[in-house]
Amino acid sequence: MKSGGIENPAFETPCSGLGRRCRAGSVRAGAGAGAAGPAGHGPYPEEGPCGWGPCTPRALQLCNNSEGYLAAYSLLAIFQGVVVNGLINISISTIEKRYELNSSLTGLISASYDIAFCVLSLFVSYFGERGHKPRWLAFSAFMLGLGSLVYSLPHFSSGKYQYGGKIEDTCQTAETTFANATCSASTNSSLHKYLHVFILGQLLLGVGGTPLYTLGTAFIDDSVPKHKASLYIGNVKTVNLLFLNYFSSTKVDQDDPRWLGAWWIGFLACFFAIWLLIIPFSCFPRHLPGTAKIQAEKISETHDDGSQVLVQINNIGQSFKDFPMALLILLRNPVLMSLIIASSSEALVATGFATFLPKFIENQFGKSSSFSATLGG
């Protein structure tokens with residue numbers, strides 16, 4: 001890769017009959033390393049100290065390694081999982097009651113995250129690969145925190161919750177001459193306008209989640225040896241399954257259909273925690289120390305259909321005009337497409353269950369939101 005990026009030997013085609021890389025790849029590696037020398041004999045220029053410009057405290061250098069990055073990345077993944085996979089899903093039924101929304105609208109809220117992720121993932125991956133990945137993750141933390149804050153704003157602008165009279169479990173028969181007030185939701189309320197705020201919050205969360213799971217794992221793969229990469233990425237996938245749950249006391253108990261938990265507290269807590277993580281990500285260098293040596297020791301395991309030679313000859317990947325060609329090369333990779341189909345099929349089932357299973361348990365069996373979330377989790 002040119003323009004000061006990582007020269008990754010794993011994506012170069014070995015020359016037939018020679019125990020070394022192709023000459024074209026060696027020339028590009030020398031140009032990328034500059035005065036530092038060939039890969040494996042010196043660090044890349046971007047393997048700088050941990051800090052902000054000229055401010056590089058010695059204490060920060062203790063974290064300038066893959067373990068320090070993994071700690072910060074795992075914390076960001078935890079809070080992203082708390083918000084997206086935990087708080088939003090378990091607060092669906094509460095938001096429906098509080099803001100008089102139906103399941104179709106709350107389903108749209110839940111889908112907004114995936115819409116933003118799908119639209120941006122290709123572009124973020126394409127441009128972020130040759131960019132400063134830790135700073136992309138700092139941007140990810142900023143957007144995730146902002147999305148959490150926006151998602152909690154309706155609580156502060158919608159006024160005090162008026163839970164009214166207790167709703168009975170049965171409705172009046174059709175023979176009665178008066179309207180079933182307890183069975184029909186009011187259509188004159190203006191609370192449904194907060195739907196757009198929830199959608200905006202989810203879109204911001206989707207924007208923030210895109211670099212987290214595209215560039216974040218790529219940075220780990222670039223910075224650690226091959227035999228450790230799966231362990232590091234597995235740790236992140238494990239910790240992001242954690243979630244939190246917050247409720248407050250009201251004059252009605254959890255067995256009352258009018259009861260609402262303090263669904264907004266968790267979002268505010270995550271907002272502050274996630275924004276604190278902007279600090280460590282902003283101080284990491286473009287590449288961790290030792291990246292050049294790790295990359296030099298890796299060998300190619302990619303699907304070889306001749307596209308690597310095409311990329312080298314045409315210098316594909318240096319500008320946006322190369323994006324369609326790069327996308328076409330990926331679409332012709334059978335291994336990648338099989339993984340995409342498998343992951344999409346799994347997400348198609350898991351996403352629906354994760355979103356509405358707590359609500360189904362709560363409504364079908366009359367359980368509280370907290371207990372339903374525990375069973376659903």
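Residues 1 to 377 in my numbering are what the sequence shown lists, from first letter to last. Backbone N, C-alpha and C define an ideal beta-carbon position, used for all residues, glycine too.
Beta-carbon contacts of residue 268 that lie in its chain and below 6 Å, excluding the five residues immediately before and after: 152
Own chain, CB closer than 8 Å to residue 285, minus 5 neighbours either side, in chain order: 46, 47, 48, 49, 50, 64, 134
Exposure label - residue 364; buried when at least 16 CB within 10 Å: exposed
Simplified DSSP state of residue 50, which is helix, strand or coil: coil
Candidates 201, 59, 225, of which the one nearest residue 294 by Cα: 225
With 16 other Cβ atoms within 10 Å as the buried cut-off, status of residue 208: Answer is buried; the Cβ neighbour count reaches 16.
CB of residue 232 within 9 Å of CB of residue 137, strictly: no
Beta-ladder partner(s) of residue 397, from DSSP: The chain is shown from 1 up to 377; residue 397 falls before or after that span and cannot be answered.
Classification of residue 280 by the beta-carbon crowding that lies within 10 angstroms, buried from 16 upward: buried
Residue 278 vs residue 142 beta-carbon contact at 9 Å: yes
Candidates 145, 112, 199, of which the one nearest residue 273 by Cα: 145
Residue 349 classed as buried or exposed, judged by whether at least 16 other C-beta atoms fall within 10 angstroms: Exposed.
Same chain, Cβ closer than 8 Å to residue 124, five either side skipped, listed in chain order: 136, 210, 211, 214, 215
Range of the contiguous alpha helix (DSSP H) that encloses residue 284: Where residue 284 is concerned, there is no enclosing alpha helix (DSSP H), given that its DSSP letter is neither H nor E.
Among 84, 220, 104, 263, the one whose alpha carbon lies nearest that of residue 401: No statement about residue 401 is possible, as the shown extent of the chain runs from 1 to 377 and does not include it.
The alpha helix (DSSP H) enclosing residue 320, as first and last residue numbers: Note, residue 320: premise wrong, no alpha helix (DSSP H); not H, not E.
Alpha helix (DSSP H) segment containing residue 63, residue limits: No alpha helix (DSSP H) contains residue 63, which DSSP labels as neither H nor E.
Residue 233 in three-state terms, based on DSSP: helix
Residue 228, DSSP secondary structure in three states: Correct three-state label for residue 228: helix.
Buried or exposed (CB count within 10 angstroms, at least 16 for buried), residue 150: buried
Inter-residue Cα distance where the pair is residue 322 and residue 59: When the Cα atoms are used, residue 322 and residue 59 turn out to be separated by approximately 42 Å.
N-terminal and C-terminal residue of the alpha helix (DSSP H) that residue 363 is part of: 334-365
Contacts around residue 360, its chain only, beta-carbon distance under 7 Å, and the 5 residues preceding and following it disregarded: none
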